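Data block below; observations after.
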Amino acid sequence: MSKTLFDKVWDAHVVRKIEGGPDVLFIDRHLIHEVTSPVAFLGLKSRDIKVLYPERTFATADHNTPTINQHLPVEDPLSANQLRALEQNTAEYGIRHWGLGHYKNGIVHVIGPENGITQPGTTIVCGDSHTSTHGAFGAIAFGIGTSEVEMVLSTQCIMQPKPKKMRITINGKLGTGVLPKDVALFIISKLTTSGATGYFVEYAGTIFEQMSMEGRMTVCNLSIEMGARGGMIAPDQTTFDYIQGREYSPKGADWDKAMAYWKTLKTDAGATFDKELTFDGSEIEPMITYGTNPGMGIGITKDIPDADAVEGGKTTYEKSLGYMGFHEGEAMVGKKIDYVFLGSCTNGRIEDFRAFASLVKGKHKADDVTVWLVPGSHVVEQQIKEEGILDILTEAGFTLRQPGCSACLAMNDDKIPAGKYAVSTSNRNFEGRQGPGARTLLASPLVAAAAAVTGKVTDPRTLLQ
Amino acid sequence: MAYDSFTILKSTAVPLPIENVDTDQIIPARFLKATERKGFGDNLFRDWRYQSDNTPKADFVLNDPTYKGKILVGGKNFGSGSSREHAAWSIYDYGFRCVISSFFADIFRGNCLNIGVLPAQVSAAFLERIFAEVYANPDTELEVNLSEQTVTLLATGEKESFEINSYKKSNMMNGFDDIDYLLNIKTDIQEFEKSLPL
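Those protein sequences? They're chains A and B, same order as listed. Quick note on the working numbering: the first sequence kicks off at 1 and runs consecutively. Quick note on the working numbering: the second sequence kicks off at 1 and runs consecutively.
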C-alpha cells in the first residue's frame, strides 16, 4: 500500500494502538532544557521511578541563559535555580548535559542537528513547540508538554492520536533576496495561525529540494506557527551530506545500513493526503509581519490590510493593530524601528549570519538602532569567527553576543522595552513576547540587516548589489 | 500525577471573546522560572490583568467581579503558540476546570487533558450564544457533562455536544493519567525498543 513519508515514520514507532484512543508512540530522541523539565523530574521523584533510557535524552540550557558574560555566575536567582535543577537532575539520572559554558551548549534545536542527533526516520520530542525544526531531516519531531516530558523520561513513549496529513507543494524559483524565512511566513500568511491545526505537514516541490539544510530547518521550525504539530521534508543527498561525519551520526557499516533505510523515506507515488496545497515560489516577496500573530504577514512592499480582508473578528484585529500602533492601509516600508534581533532556533544558524553579513558588508549600523546578534550555538559562534563574518560585522559597527534563546522569548535580560519596535528573525510576534509591551516585526535575516543599517523597515532588494 | 476526577461541572462562566489567545498571553515566559508546579494562577493572563506597576487593569475580565466561575469561555484558536504546560497549569491553578472555545490549538488541548482541565470545543454559533447569555446575565449557569459530552446553557436548555476520545474521557472521569498506563506496559515498550531497525 502506498504510504506517505509521515505514515512510514509514524507507523514504525507505534508500540500499540488503543481502541478509540491515541497511539502509544516510541520516541527515539528526547531533548530537554531548563524550563520545561524540572516538574517532570519532580514527577519521577514522587513516583520513585528511574529514567528508562537515559542515553536517549540530551540536555542543554538555553531559554534562560544570559548572552553576555557567560563565564560569570547567573545573576537572576530564579534562572540560576532552574539551571542548577537541570544540572542536578541530569547528573542524578545519568543524562548528557551540555550546560552553560559547555562547548556544545546552544539552542536545543540548533545543537541537535549540529551533533548528528537529529536523523531521518526518527521520532524526536522536546518540551518546546519549535521541535518541529528537526522535521527538516525527515524526522517526526514535535513539541510536547511537561506531563509528556515525564512520560518520555519514564517510559520513552507518549500517547498521541495520529494527526491528519497535509502536503504543501511549492515549485518555481525564489526571487532575489527571498529567503526560506520568507517562504515560511508566506505560507503562514495564507493558512493563518490555525490553518494546519490537527495536521502534520510535508513540504514538497523544487523550492524545498533546492534549499540547504539550514533553510529547511527554518521552514520546518515555523510549522507550529500555522498550528501544525510539525512539518517534514523527505531526506535527500543534501540531508545525508549534512549528517555524515557528525558526532552522533552512524559510522562505518552502521552508516551504510542507515543510508539504505533513509533512502526509502519518501512519499510513495499514489499515497494520499487529507489536504493538499500548492503555491508558486516566484510569487513570494521578502515578508514582514504587522500584527500580533505570525499569520499577520505581508510582502514587504504591501500595505497593512483592512480588517475586512483578513480572517477573524474585527475586535481581535483592532486590538492587534492597536497594540502595534499601526493602522489599516499604512505602508510597512519606511516605518522607524528601534531594535533588531538576529538569532533564535528559527534563524540562528550560520547561513543566517552569512545572509545578514552579505547585506551589511561595507555599510554601517544605523545610529539609533540597538542590534542584538545572537548565534544559535557555540559551534555557530565559532563558524562566524572562522569564516571572517565577525570581521565584517565588527567593521559595520555590530557586536556579537553569546548563544541562547535570548530576545526570542525574553526570559533573560534581552528584553525589548515597552512600546519599542523590533525587527526580529525569531518566530513569534505575540503581545509581550519579546518583553512586556514590545512590538515585534518578524522577518528574514536580510530584512533584519536592511533595518539594522537604515533604522527603518526597508526592502533588502534595494540594498543588495 | 493523578488529578481530581471530572464528571459534571455546573458553574457560571468568565467570557474572553478574543481570538488566537496564545500561551504567551495565558502566561508570559518570564513567569516560567519556577522548578515546582506552584502559584501559576497568580500570573494567569499577567499582562492583560495587571499594569506594569502590578496594579490590576480594571477593564480586564478577571478583575471584574461581575464574572466568576470554573469555566473560561475563549474565542477561536485558544491556546496557540508555545507548548508550555504552564499555560494549562495557570488556568487550573486559578480555579478553572473547563475551557470552552470553538477551536483549540493542538498542544494546548493535549496539555489540558493531561492535567485535568477539560477543553470543550463547540460550534462558532453556540460559542456566540454562550457569550451572549453570559453577557446578558453573568449569573447564568452552564453545565458541562463529560459523561454525556455536552455543554448546556441551563437557563434556556440549549445544548451542544463536544468530542473527546474514549480513552481520555475515561481517564478524566477517573482521574487517571497516561504515565500509569505506560508504566503498566513497560515490558512491551522494552521489547519494542529491542526490535527497532536502527
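Ideal placement from N, C-alpha and C gives every residue a C-beta, glycine not left out. In this text the structure is predicted, and so the values were computed from the model without any measurement.
For A/Tyr203, the enclosing beta strand (DSSP E) covers residues Tyr199 to Ala204. The C-alpha of A/Gly145 is placed about 13 Å away from the C-alpha of A/Leu153. The three-state reading of DSSP puts B/Asp22 in strand, counting E and B together. Bridge pairing for B/Val73: B/Pro15 and B/Ile100 [DSSP]. Taking 8 Å as the threshold, the shortest C-beta distance from B/Thr35 to chain A falls below it. About 5 Å separates the Cβ atoms of B/Arg84 and B/Thr23, confirming a contact at the 8 Å cut-off.
B/Leu44 has its alpha-carbon roughly 11 Å from the corresponding atom of B/Gly95.
Below the 9 Å Cβ cutoff, chain B contributes Pro17, Ile18, Glu19, Gly75 and Lys76 as neighbours of A/Gly313, in chain order. None of the residues of the segment 128-154 of chain B has a beta carbon lying less than 7 Å from any beta carbon of chain A. C-alpha of A/Arg47 to C-alpha of A/Phe142: approximately 26 Å in a straight line. Uninterrupted alpha helix (DSSP H) stretches at least 4 residues long and entirely within the segment 145-224 of chain A occur at 146-155, 180-191, 206-209 and 213-221, given in chain order.
Counting only runs that start and end inside the segment 28-91 of chain B, the beta strand (DSSP E) elements of at least 3 residues fall at 71-74. With a beta-carbon spacing of about 44 Å, A/Ile304 and A/Gly270 fall beyond the 8 Å limit used to define contacts. Here the C-alpha atom of A/Met259 lies approximately 19 Å from the C-alpha atom of A/Ile124. Contact of B/Gln121 with chain A is not assigned, every C-beta pair being separated by 8 Å or more.
For B/Pro119, the beta-bridge partners assigned by DSSP are B/Val99. With contacts defined as CB atoms closer than 8 Å, B/Asn171 and B/Asp177 qualify as a contacting pair. Residue A/Phe186 holds the alpha-carbon nearest to the alpha-carbon of A/Asp280 among A/Phe186, A/His109 and A/Val340.
The alpha-carbon of A/Lys420 is positioned some 24 Å away from that of A/Asp306. Interface with chain B (8 Å Cβ-Cβ cutoff): A/Phe430 is included.
With a beta-carbon spacing of about 6 Å, A/Arg229 and B/Asp106 fall inside the 8 Å limit used to define contacts. Look at A/Phe6 here: in three-state DSSP terms it is helix. Looking at A/Tyr323, A/Asp414, A/Gly291 and A/Glu209, the one whose alpha-carbon comes closest to that of A/Val310 is A/Gly291. When C-alpha distances from A/Met166 are compared across A/Asp7, A/Gly435, A/Val15 and A/Pro120, the shortest belongs to A/Asp7. Per DSSP, the unbroken beta strand (DSSP E) holding B/Ser161 starts and ends at Lys159 to Ser161.
One Cα belongs to B/Thr152, the other to B/Glu158, and the distance between them is close to 6 Å.
For A/Thr316, the three-state secondary structure derived from DSSP is helix.
In the structure shown, B/Asn171 falls within a helical segment according to DSSP collapsed to helix, strand and coil.
For A/Gly376, there is no enclosing alpha helix (DSSP H), as DSSP marks it with neither H nor E.
One thing to note: A/Ala136 has its Cβ within 8 Å of the Cβ of A/Met213. Bounds of the alpha helix (DSSP H) holding A/Glu351 are Ile350 to Val360.
Nearest C-alpha to B/Tyr167 among A/Glu19, A/His327, A/Pro77 and A/Met232: A/Glu19. Under the 8 Å criterion on CB atoms, A/Val9 is classed as non-interfacial with respect to chain B. For B/Ser102, there are no neighbours in chain A by C-beta distance under 9 Å, as the nearest C-beta there is about 10 Å away.
Measuring C-alpha to C-alpha distances from B/Ile100 to each of B/Asn174, B/Gly39 and B/Ser11 identifies B/Ser11 as the nearest. Excluding residues up to 5 positions away in sequence, His33, Ile107, Val108, Gly404 and Cys405 lie with their Cβ nearer than 6 Å to the Cβ of A/Asp62 in the same chain.
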